[in-house]
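Student:
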Amino acid sequence: MVGLPHPHHVLLVLVLLPLLGAIEMAATTATAAGGSDEGGHALLGLLQRVQSEALRVLGPNDFDPKLYVDLPLAADEGAAAAALAALPRPAPSRAELEAFLARYFGAAGSDLVAADPPDFHADPRGFLPRVESREARAWALEVHALWKDLARRVAPDVATHPERHTLLPLPGRVVVPGSRFREVYYWDSYWVVRGLLVSKMYDTAKEIVLNLVYLVEKYGFVPNGARSYYTNRSQPPLLSSMVLDIYRETDDLGFVRRAFPSLLKEHSFWMSEIHNVAIMDNHGRVHNLSRYQAMWNKPRPESATIDEELALKLNSTAAKEKLYHQVASTAESGWDFSSRWMRNATDMATLATTFIIPVDLNTFIFKMERDIAVFAKLIGDNATSENFLEASKARHIAIDSILWNSEMEQWLDYWLPTDGNCQGVYQWKSNSQNRNIFASNFIPLWLNAHHSGSVQFVDEAKSERVMRSLQTSGLLHVAGIATSLSNTGQQWDFPDGWAPLQHLIAEGLLNSGSEEARKLAEDIATRWVRTNYAAYKATGAMHEKYDVEACGKSGGGGEYKPQTGFGWSNGVILSFLEEFGWPEDKEIDCSRRRS
-11 MVGLPHPHHV
-1 LLVLVLLPLL
9 GAIEMAATTA
19 TAAGGSDEGG
29 HALLGLLQRV
39 QSEALRVLGP
49 NDFDPKLYVD
59 LPLAADEGAA
69 AAALAALPRP
79 APSRAELEAF
89 LARYFGAAGS
99 DLVAADPPDF
109 HADPRGFLPR
119 VESREARAWA
129 LEVHALWKDL
139 ARRVAPDVAT
149 HPERHTLLPL
159 PGRVVVPGSR
169 FREVYYWDSY
179 WVVRGLLVSK
189 MYDTAKEIVL
199 NLVYLVEKYG
209 FVPNGARSYY
219 TNRSQPPLLS
229 SMVLDIYRET
239 DDLGFVRRAF
249 PSLLKEHSFW
259 MSEIHNVAIM
269 DNHGRVHNLS
279 RYQAMWNKPR
289 PESATIDEEL
299 ALKLNSTAAK
309 EKLYHQVAST
319 AESGWDFSSR
329 WMRNATDMAT
339 LATTFIIPVD
349 LNTFIFKMER
359 DIAVFAKLIG
369 DNATSENFLE
379 ASKARHIAID
389 SILWNSEMEQ
399 WLDYWLPTDG
409 NCQGVYQWKS
419 NSQNRNIFAS
429 NFIPLWLNAH
439 HSGSVQFVDE
449 AKSERVMRSL
459 QTSGLLHVAG
469 IATSLSNTGQ
479 QWDFPDGWAP
489 LQHLIAEGLL
499 NSGSEEARKL
509 AEDIATRWVR
519 TNYAAYKATG
529 AMHEKYDVEA
539 CGKSGGGGEY
549 KPQTGFGWSN
559 GVILSFLEEF
569 GWPEDKEIDC
579 SRRRS
């Protein structure tokens, strides 16, 4: 039997979190900086110095700092460090920098090699039987074919010489998002897996999950991504959902048994003191919910030059470390960056993510607990199953007690006080709910699609009220659901729409019980399919995000240029086409549609 945290476990006072974080960070520095060996530390330090040098030479326009920490070392680290120090001052020329890079480093991404998935078939049997439109089907097969373009295997040298790589070794094939995202990412993988299941690529889907299981076994959680510099934080926890979806398609109980211990380990990570928060409601009941909190208080290596510039306005080292901690914790949320996490929506320096109890994170952990209960019962561990079922029930009550707002008919993020006055359990206050509208306010609807045969998370009457709230929220646009109502220039704000958010909300509506909700789900999916199709036809690529104000327009904003590829966008399109189909007489090209 596996034990769970005591239901009234008390979180350490938030004002002490910087101290707690420092303790955690000291304990995990070796892991976060690339392993316990000194070579991993030395390489990342060298690459960050290369990153800074490149910024001086190339300037900030279209500069991508991540490129430089992804470079594999081709020579002795000491020789490369000496050559860097010997470059002309105050700055080398572009040609001198390029010659230095070519001599001492391989190309970014060269430590992954192409790996055609053996279970890929150009037109798999049983693929999208409800897609009747020849135009839609031809495009869907092109999206399906992108799995071959995005499939990789980690080169053997990564395991043989880890001191030369920030890439982490993985046992199986990987599917990367695309473009600058050359490595595996945690929550992206859920929608990649969903798409692979539509493509009947069950073995590849299993390999992706077993790679994540390998990471849990090594680090105790799934890192943000498969780079050494990502091991100081996780991402939205969807591993159990991947396991469950694969099991439902394959009935592979051995696969469940293989993953099960890692799911327990991951749950413990999210229930640890750095993530757990205790809040007392107005009836005197204490609830436990979770929040994001990275184990890091330095500039993110992949964006160090950006973070350092952001911190220039702060005068003390302590203030800068607090900001870096918030930046990294926001990256753990997957929503990096958004006004959702800022006290002042126009100022990134006011990020306060560790003081926020997010709706979506607790939705995902609730589902994790339900999934583990299902798996435990499948493998005959009834005591653990019952324990996790009770934990999920407690989290359900906590979500509805602390995050539900009956006036708005939405679930709202809860902001903890930042004044340091709390000495243990927080007292719930209605004005601490964030009443700004974000797509995340509706994500608990998704649980209606995954209730494992038990009572729905949201009953039909409440689901209908939430649907009405969504319809009047201002989030629904011609090309999909906006991430927020605030146009801040951040990529997880208006007017950007993201594939995961469309899918979570549409799948929840589809399973909410009413015909009207089903029709709204199909309408959201239709708008999303059309904008993806139009952008693909115009650019020849699938995009990371889209502008919901115009059909066929890719998204923008944020700290890097818009990317293509793109793993989760491909997975959501294939999932929508499988779920809703596409009739022969339904127009897919928005440019030919009548208004």
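Heads up, the sequence shown is in the numbering used here, so the first residue is -11 and it goes up one at a time.
A virtual CB, placed ideally from N, CA and C, is assigned to each residue, including glycine.
Quick caveat, the model's predicted, so the values are computed rather than measured.
For L300, count the other beta carbons within 10 Å of its own beta carbon; 16 or more makes it buried, fewer makes it exposed. Which is it?
Tutor: Exposed, by the Cβ-count rule.
Student: Please tell me whether G496 and F430 are closer than 9 Å, where the distance is taken between their beta carbons.
Tutor: Yes, Cβ-Cβ distance for G496 and F430 is below 9 Å.
Student: Mark P571 as exposed unless 16 or more other C-beta atoms lie within 10 angstroms of its C-beta, in which case mark it buried.
Tutor: Exposed, because fewer than 16 other Cβ atoms sit within 10 Å of the Cβ of P571.
Student: So which of P165, R118, A147 has the shortest CA-CA distance to V186?
Tutor: The shortest Cα separation from V186 among P165, R118, A147 belongs to R118.
Student: Decide yes or no for the touch test of the region 280 to 293 against the region 214 to 221: beta carbon pairs closer than 8 Å, at least 3 of them.
Tutor: Touching, per the Cβ criterion.
Student: Since W179 and A467 are thought to touch, with beta carbons under 8 Å apart, how far apart are those beta carbons, to the nearest angstrom?
Tutor: Rounded, the Cβ-Cβ distance is 18 Å, inconsistent with contact.
Student: Does the separation of the CB atoms of P53 and L61 fall below 9 Å?
Tutor: Not closer than 9 Å, so no.
Student: Starting from K533, trace the alpha helix (DSSP H) in both directions and tell me its first and last residue.
Tutor: It is not in any alpha helix (DSSP H) - K533 instead sits in the beta strand (DSSP E) that spans 533 to 535.
Student: Does chain C have any CB closer than 9 Å to the CB of A124?
Tutor: In the structure shown, chain C cannot be found, because there is only a single protein chain.
Student: CB G166 to CB M530, shorter than 9 Å?
Tutor: Going by C-beta atoms, G166 is nearer than 9 Å to M530.
Student: Is it true that the region 360 to 367 meets the region 265 to 275, where meeting means three or more beta-carbon pairs spaced less than 8 Å apart?
Tutor: No, the region 360 to 367 is not in contact with the region 265 to 275.
Student: Name the two residues that bound the continuous beta strand (DSSP E) containing W486.
Tutor: Segment 484 to 486, the beta strand (DSSP E) holding W486.
Student: Taking only runs that begin and end inside the region 498 to 582, name each unbroken beta strand (DSSP E) of 3 or more residues, in chain order.
Tutor: Segments of the beta strand (DSSP E) lying fully in the region 498 to 582: 533 to 535.
Student: Can you list, in chain order, the stretches of the alpha helix (DSSP H) that have 4 or more residues and sit fully within the region 444 to 484?
Tutor: If we require 4 residues or more, the alpha helix (DSSP H) runs fully inside the region 444 to 484 come out as 448 to 459.
Student: Does V281 come out as helix, strand or coil in the three-state DSSP assignment?
Tutor: The amino acid occupying residue 281 in the given sequence is Gln; Val does not appear at that position. Q281: coil per DSSP, three-state reduction.
Student: Along the chain, where does the alpha helix (DSSP H) containing M189 start, and where does it finish?
Tutor: Element bounds for M189: n/a, residue is neither H nor E.
Student: When burial is assigned at 16 or more other CB atoms within 10 Å of the CB, is T293 buried or exposed?
Tutor: The residue is buried, with at least 16 neighbouring Cβ atoms inside 10 Å.
Student: Cβ atoms of V231 and I196: under 9 Å apart, would you say?
Tutor: No, these two residues do not count as a Cβ contact at 9 Å.
Student: How big is the Cα-Cα spacing for S418 and R221?
Tutor: Answer to the nearest angstrom: the Cα atoms are 30 Å apart.
Student: At a cut of 8 Å, does the region 449 to 459 reach the region 490 to 504 through at least three beta carbon pairs?
Tutor: Taking 8 Å as the limit for Cβ pairs, the verdict is that the region 490 to 504 does touch the region 449 to 459.
Student: Quick check: the Cα distance between P211 and H149, rounded to an integer number of angstroms?
Tutor: Those two C-alpha atoms are separated by around 21 Å.
Student: In angstroms, rounded to a whole number, what distance separates the CA positions of L226 and H255?
Tutor: The straight-line gap from Cα to Cα measures roughly 11 Å.
Student: Does DSSP classify V142 as helix, strand or coil?
Tutor: DSSP places V142 in strand when its eight states are reduced to three.
Student: In terms of residues, what are the limits of the beta strand (DSSP E) holding V347?
Tutor: Unbroken run through V347 is the alpha helix (DSSP H), 347 to 366; no beta strand (DSSP E).
Student: For M230, which of helix, strand or coil comes out of DSSP?
Tutor: The answer is helix: DSSP assigns M230 an H, G or I state.
Student: If we count the other Cβ atoms within 10 Å of its Cβ and call it buried at 16 or more, is K533 buried or exposed?
Tutor: Buried is the call here.
Student: In terms of alpha-carbon separation, which member of E320, R91, A126 lies closest to P112?
Tutor: Minimum Cα distance to P112 is reached at A126.
Student: Taking R279 as the reference, which of A509, F352, A470 has the closest Cα?
Tutor: Looking at the Cα atoms, F352 is the closest of the given residues.
Student: Could you give the distance in angstroms between the alpha-carbon of T514 and the alpha-carbon of C539?
Tutor: When rounded, the distance between both Cα atoms is 11 Å.
Student: Could you tell me which whole beta strand (DSSP E) segments of length 3 or greater appear in the region 138 to 183?
Tutor: Complete beta strand (DSSP E) runs here, min 3: 139 to 142.
Student: Per DSSP, what kind of secondary structure is H29 in: helix, strand or coil?
Tutor: H29 falls in the helix class under three-state DSSP.
Student: CB L391 to CB L400, shorter than 9 Å?
Tutor: Cβ distance < 9 Å, so L391 and L400 count as in contact.
Student: Enumerate, from N- to C-terminal direction, the unbroken beta strand (DSSP E) stretches of 3 or more residues contained entirely within the region 99 to 143.
Tutor: Complete beta strand (DSSP E) runs here, min 3: 100 to 102, 139 to 142.
Student: For A437 and A470, what's the separation of their Cα atoms in angstroms?
Tutor: For A437 and A470, the distance between alpha carbons rounds to 22 Å.
Student: Which residues in the same chain as N558 place their Cβ atom closer than 6 Å to its Cβ, once the five residues preceding and following it in sequence are excluded?
Tutor: Hits under 6 Å: V131, L134, G183, M530.
Student: What does a CB cutoff of less than 8 Å around S474 pick up in its chain, not counting 5 residues either side in sequence?
Tutor: Answer for S474: S327, A333, N424, D481, F482, listed in chain order.
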